Structures are given as C-alpha cells and as structure tokens.
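Worksheet: one structure, shown below.
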Amino acid sequence: MKTRNLWTIGGVLLMLAIVVTTVFTGILPTYTAATQIDDLAKNQEAQNILQGEFLAGLQNKSHSKEDLAIALSEKQQLMPTKLNAVEFVHGVNAIAASTGVTLRNVSVSQPRLFVAPTSVSGSSSVAGAQASVAQGDLFVANSSIEVSGSLVQLANFADQLRTAKRYAQINSVAMPDLLQTKAGAITLDLNLQIFMLKNQ
Amino acid sequence: MARVNNVMPRVGHTPVADFLPPRIRELHAARWNRHKLAIATLVVSVFCAVGYFIGLANFNASQAHLLQMQNATQRILDSEAKYSDVISLTNQATRLDSALSVVHEKDIAWRGLLVLMQKSIPSGGRLVSFSLAGSPATESTKGLDPLTSAAVVVTADVTIESPTFEGVEYYLLDARQWPGYLSGSITGIEQRNGTFVGTLSVTLGKGALSSASSNASTLPGGTTK
Numbered sequence: 010m011k012t013r014n015l016w017t018i019g020g021v022l023l024m025l026a027i028v029v030t031t032v033f034t035g036i037l038p039t040y041t042a043a044t045q046i047d048d049l050a051k052n053q054e055a056q057n058i059l060q061g062e063f064l065a066g067l068q069n070k071s072h073s074k075e076d077l078a079i080a081l082s083e084k085q086q087l088m089p090t091k092l093n094a095v096e097f098v099h100g101v102n103a104i105a106a107s108t109g110v111t112l113r114n115v116s117v118s119q120p121r122l123f124v125a126p127t128s129v130s131g132s133s134s135v136a137g138a139q140a141s142v143a144q145g146d147l148f149v150a151n152s153s154i155e156v157s158g159s160l161v162q163l164a165n166f167a168d169q170l171r172t173a174k175r176y177a178q179i180n181s182v183a184m185p186d187l188l189q190t191k192a193g194a195i196t197l198d199l200n201l202q203i204f205m206l207k208n209q
Numbered sequence: 030m031a032r033v034n035n036v037m038p039r040v041g042h043t044p045v046a047d048f049l050p051p052r053i054r055e056l057h058a059a060r061w062n063r064h065k066l067a068i069a070t071l072v073v074s075v076f077c078a079v080g081y082f083i084g085l086a087n088f089n090a091s092q093a094h095l096l097q098m099q100n101a102t103q104r105i106l107d108s109e110a111k112y113s114d115v116i117s118l119t120n121q122a123t124r125l126d127s128a129l130s131v132v133h134e135k136d137i138a139w140r141g142l143l144v145l146m147q148k149s150i151p152s153g154g155r156l157v158s159f160s161l162a163g164s165p166a167t168e169s170t171k172g173l174d175p176l177t178s179a180a181v182v183v184t185a186d187v188t189i190e191s192p193t194f195e196g197v198e199y200y201l202l203d204a205r206q207w208p209g210y211l212s213g214s215i216t217g218i219e220q221r222n223g224t225f226v227g228t229l230s231v232t233l234g235k236g237a238l239s240s241a242s243s244n245a246s247t248l249p250g251g252t253t254k
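These protein sequences, in sequence, are chains A and B.
Be aware that the first sequence starts at 10, since it is given in our numbering, and climbs by one per residue.
Be aware that the second sequence starts at 30, since it is given in our numbering, and climbs by one per residue.
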C-alpha cells in the first residue's frame, strides 16, 4: 500500500512538473513574445497606413510638381536666403511709384539672428511653427523708410509693402509733427523688418 | 454493508472466487495503478506538447505578420524614394510656411487703421501728427492693458486739430471703433489760434492684428497655415 501511494505521488508530481515546465518555459515565453510581436506589427500597420496616405499625397502632388515649384519660389521670394538689399530697395521704389508716393529715404541694416519672442496669440500652431524652425536659421534685418504723399496714398503704400513679393513687417508708422505741407502731402516714417531663412 | 455487497454475489450472477493470495493481488493492483499513472502522464505530456506547438504556431504567425508589415513599409519607402523631389519641395515649403507663421504673427493691417484715423477727423479739422507703434517681430508685445489685462499690440499717439472742443471728444469716441480698441485717453487739449489741438493716446489689442481683421489663417503670399 505504501509503494502504491509513493507511485501515485511520484506520478502526480511528474505530471505537475511536466505541466509547469511546459507552461513556464514553453508556452508563456512564446505567448509573451507573440504578443509583443503583434503589438509591433500593429504599430507598423498603423505607420504603413499613414505612410500610404503620405505616398498617395505625394503621387497627387507629383502631378502638379511645377505648381509646387512655383509656389515654393514665391515663398522663397517672401523670405529669401540672403539680405538682397538692392532688390528690396528696388521693390520699395516700385511700390512707391505705383502708389504715387515720393520715396525720401530708405535704409536697411545688417541682418541678425531672429530670436522668437513670446507668442502674442499663444496658439499651438505658432508654438509648433517656432519649434519647427531650427534655432539659427531665421534672420531679421531692420529697415526704415521715409515717404511722402497723401494719407490715402501712404496707407496704400504701407499695405502694398506688407503684401509685396518680399514680406516686410511694418512695426511702426509715424507722421512727425509739422511735416504736413500745405498741399496736403504728409511725410511718413515707417520702421519695418525683413526676414531671411537660411538654406538647410 | 457496502463491503458485504461487493463480496456477495448478486442474484443471477455467477459466483466468483479469488484464491490469489493478498500479496499477489496487491502487486496486480500496484501494477494497474502504475499503468494508469503512465497513461495519465502520457496524456498530460501530449496536452502540454499540443499547447506548446499551438503557442509556437501563434508565435510564428505573429512573426510572419510582422515581416509582412515590414516588407510593406519597405515597399512604401521604396515608392516614396521615387518622389524625393516632391518631398524636398514640400519640406522646403512647410519650413518656409512655419517661418512665415512665426514672423507674421504680429503683422498689423496698417492701411485700415490709417484710413479709420483719417475718417474720424472732425469736419474742418486735420491730423497734426501721429505715431503708431506696434511690436517688432523680434520683441514681445507692449505689456498688458491694466483694465482688461489684454496684450497691447499697438500704441497710437495722435494729435489732431479741431475747430471745436467736442470734435476732439468725438474723435476719441470714434477711436472706440478702431480694430482691437482697448483704451483711450486724452493727454491734453489746448486752444491755439481759435482751434483746439488734442493729443490722444489709444491702445489696441489683438484685434488690430492682420490675422484678426482678415482671414485668420492667411500668411503673406496668400498661403494658408
């Protein structure tokens, strides 16, 4: 009777050992590894969907590659890689001529590094844009312009200046005292900034 | 009673007598027990093996799926490489858009402001001088308006000449219609040769920004964010 019990206990222990060994060394590790691989595959699949959409977008854009190049060229004119002071002054002169104002004085300073200040709107899009432009890539140059004409002409001049091919941000407009002539022409001092984006 | 039932033959059954000595019977029982244990162990082993192979098959299937996904990624990347010029153009345009967004944030539609300033001049009066100071793109705004705690974007100091005292008052009242108006004050009104010269100071908030007055998302050059 004792021997029989020993056999039974031994057999049950052996079965338990087989089950435990199989579960812990065979089934669980493969299950864990398979779960991890499934997660990786899921992520990869999600990435593939995004990449596929991106590729579809590229395929669409490739049909209008010339338009893209033209649009890019226009944007590069808004913010060139160099100061291009002569071209800027030429543009200012052309705007002055088209709006009928008299250009009295133009000056453009040397470019310096643009350090973005605190955002006025605090919007996430501006914060994202600030983050995406690498530090040290964006430059700014101050410029001042003195023009004379009627107030409406000067207002048109200021408007055309900020919407011109080269983007200029006017930050102050002043009509100093006693500079208004009898004919109604006034002199306006504009302080503005122009920008340059370094090539990557 | 149960013991008796097991030993006693049932009605209609053939009586059986086991004359084996108890020692031999015990050996037989032990052998039968060992057989049962061996069979049970074998069954458990088979179940474990089946479980292991199912797990292994599952693992292999997952690996195959991952490989399939990785191959698909590679195919997409290979296809994207054909459009490297388009990617380059798009990246450059995005970079320029970002840079323009950054510098354009404090852009002010001066034309509208100048026109409104002129429009508000009382009949028979004139603008003597003005100074409209916004914030350069490289600087923060000009602090906060003390009453509204809104960011001051433009400070306008305007001197006008009016034939009447009320003309100066009305000018300041009209200034409330200027975009982004925050506050306005009269720095001084003095009478000169029968006319009144008023000096006013008006502060304007975010409403004066070009992004507030026109299409909010329009960047210079007509591109949109």
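Idealized CB from N, CA, C, for every residue including glycine.
Because the structure is a prediction, the values reported are computed rather than measured.
Extent of the continuous alpha helix (DSSP H) run through residue i
{"i": "A:VAL135", "result": "133 to 141"}
{"i": "B:PHE76", "result": "51 to 110"}
{"i": "A:ALA55", "result": "37 to 72"}
{"i": "B:GLY227", "result": "That residue, B:GLY227, is in no alpha helix (DSSP H); its beta strand (DSSP E) goes 224 to 233."}
{"i": "B:SER197", "result": "It is worth fixing the name first, because residue 197 of chain B is Val in this sequence and not Ser. It spans 194 to 204 - the alpha helix (DSSP H) in which B:VAL197 sits, taken as one unbroken run."}
{"i": "B:VAL144", "result": "139 to 148"}
Residues that residue i contacts on chain A, provided the C-beta gap is smaller than 8 Å
{"i": "B:THR70", "result": "GLY20, LEU23, MET24 and ILE27"}
{"i": "B:ILE105", "result": "ASN57, GLN60, GLY61 and LEU64"}
{"i": "B:TYR81", "result": "THR31, GLY35, ILE36 and THR39"}
{"i": "B:HIS94", "result": "ILE46, ASP47 and ALA50"}
Residue i classed as buried or exposed, judged by whether at least 16 other C-beta atoms fall within 10 angstroms
{"i": "B:PRO165", "result": "buried"}
{"i": "B:THR167", "result": "buried"}
{"i": "A:LEU59", "result": "exposed"}
{"i": "B:GLY84", "result": "buried"}
{"i": "B:ILE150", "result": "buried"}
{"i": "B:ILE215", "result": "exposed"}
{"i": "B:VAL197", "result": "buried"}
{"i": "B:THR177", "result": "exposed"}
{"i": "A:MET184", "result": "buried"}
{"i": "B:SER246", "result": "Here the model assigns B:SER246 a pLDDT of 42, short of 50, so the residue's position is not dependable and the matter cannot be decided."}
{"i": "A:ASN180", "result": "buried"}
{"i": "B:TRP207", "result": "buried"}
{"i": "A:ASN165", "result": "buried"}
{"i": "A:LYS51", "result": "exposed"}
{"i": "B:LEU205", "result": "The sequence given here has Arg at residue 205 of chain B, not Leu. With fewer than 16 Cβ atoms within 10 Å of its Cβ, B:ARG205 is classed as exposed."}
{"i": "A:ILE79", "result": "exposed"}
{"i": "A:LEU37", "result": "exposed"}
{"i": "B:ASP136", "result": "buried"}
{"i": "A:THR34", "result": "exposed"}
{"i": "B:GLY217", "result": "exposed"}
Start-to-end residues for the beta strand (DSSP E) that takes in residue i
{"i": "A:VAL161", "result": "Taken as a continuous stretch (DSSP letters only), A:VAL161 belongs to no beta strand (DSSP E), being part of the alpha helix (DSSP H) at 160 to 171."}
{"i": "B:TYR210", "result": "210 to 221"}
{"i": "A:LEU112", "result": "111 to 117"}
{"i": "B:PHE13", "result": "There is no way to answer for residue 13 of chain B, as the model of chain B reaches only from 30 to 254."}
{"i": "B:THR188", "result": "183 to 191"}
Three-state secondary structure assigned by DSSP to residue i
{"i": "B:ARG124", "result": "helix"}
{"i": "A:ILE195", "result": "strand"}
{"i": "A:LEU92", "result": "coil"}
{"i": "A:ASN102", "result": "helix"}
{"i": "B:SER239", "result": "helix"}
{"i": "A:LEU188", "result": "For A:LEU188, the predicted structure reports a pLDDT of 49, less than 50, and the residue's modelled location is therefore unreliable. The matter cannot be settled from this model."}
{"i": "B:LEU176", "result": "coil"}
{"i": "A:GLN209", "result": "coil"}
{"i": "A:GLN202", "result": "strand"}
{"i": "A:PHE148", "result": "strand"}
{"i": "A:ALA177", "result": "strand"}
{"i": "A:VAL124", "result": "coil"}
{"i": "A:SER157", "result": "strand"}
{"i": "A:VAL284", "result": "As shown, chain A starts at 10 and ends at 209. That puts residue 284 of chain A outside it, with no answer to give."}
Neighbouring residues, chain A, relative to residue i (Cβ below 7 Å)
{"i": "B:LYS148", "result": "Neighbours of B:LYS148 on chain A: none; closest Cβ ~10 Å, over 7 Å."}
{"i": "B:GLN99", "result": "GLN53"}
{"i": "B:ILE116", "result": "LEU67"}
Cross-chain neighbours of residue i in chain B, by beta carbon under 9 Å
{"i": "A:LEU112", "result": "What A:LEU112 touches in chain B: nothing, since even the nearest Cβ is about 17 Å away."}
{"i": "A:PRO120", "result": "Within 9 Å Cβ-Cβ: nothing; A:PRO120 doesn't reach chain B, min ~12 Å."}
Cβ-heavy atom distance, residue i to the ligand GDP, below 7 Å
{"i": "A:THR39", "result": "What this structure holds is no ligand at all, so the ligand GDP is not there to describe."}
8 Å Cβ cut-off: residues of chain B touching residue i
{"i": "A:VAL142", "result": "ARG124, SER127, ALA128 and VAL131"}
{"i": "A:LYS74", "result": "ASP114, VAL115 and LEU118"}
Beta-carbon neighbours of residue i, restricted to chain B and to distances below 7 Å
{"i": "A:VAL135", "result": "SER130, VAL131 and GLU134"}
{"i": "A:SER128", "result": "GLU134"}
{"i": "A:ALA78", "result": "LEU118"}
Item to complete: Please confirm if the segment 154 to 172 of chain A is in contact with the segment 137 to 148 of chain B, defined as three or more CB-CB distances below 8 Å between the two stretches.
Response: Touching, per the Cβ criterion.
Fill in: Validate contact between the segment 87 to 105 of chain B and the segment 120 to 138 of chain A using beta carbons, cut 8 Å, 3 pairs
Contact between the segment 87 to 105 of chain B and the segment 120 to 138 of chain A is absent, because fewer than three Cβ pairs lie under 8 Å.
Practice prompt. Inspect the CB distances between the segment 16 to 27 of chain A and the segment 70 to 81 of chain B and report whether three or more fall short of 8 Å.
Written response: Below 8 Å, enough C-beta pairs join the segment 16 to 27 of chain A and the segment 70 to 81 of chain B to call them touching: three or more.
Worksheet item: Touching or not, the segment 117 to 137 of chain B and the segment 130 to 148 of chain A, by the rule of three or more beta carbon pairs under 8 Å?
Response: Contact holds between the segment 117 to 137 of chain B and the segment 130 to 148 of chain A, because three or more Cβ pairs, one in each stretch, are under 8 Å apart.
Discussion item. Using 8 Å as the cut-off, can you tell me whether the segment 182 to 193 of chain B makes contact with the segment 217 to 226 of chain B, which would need three or more C-beta pairs spanning the two stretches below that distance?
Written reply: Contact check between the segment 182 to 193 of chain B and the segment 217 to 226 of chain B: three or more CB pairs, one atom from each, fall below 8 Å, which counts as touching.
Practice prompt. Kindly confirm or deny that the segment 174 to 190 of chain B and the segment 44 to 61 of chain B touch, where touching means at least three C-beta pairs closer than 8 Å.
Written response: No: fewer than three Cβ pairs fall under 8 Å.
Practice prompt. Report yes or no: do the segment 230 to 242 of chain B and the segment 201 to 211 of chain B share at least 3 C-beta pairs separated by less than 8 Å?
Written response: They touch, by the three-pair rule.
Fill in: At least three beta-carbon pairs within less than 8 Å, the segment 147 to 167 of chain A to the segment 106 to 122 of chain A
Cβ pair count under 8 Å is three or more, so yes.
Item to complete: May I ask you to verify whether the segment 150 to 161 of chain B touches the segment 116 to 124 of chain B, counting CB pairs closer than 8 Å and requiring at least 3?
Response: In short, these stretches do not touch, since the Cβ pair count stays below three.
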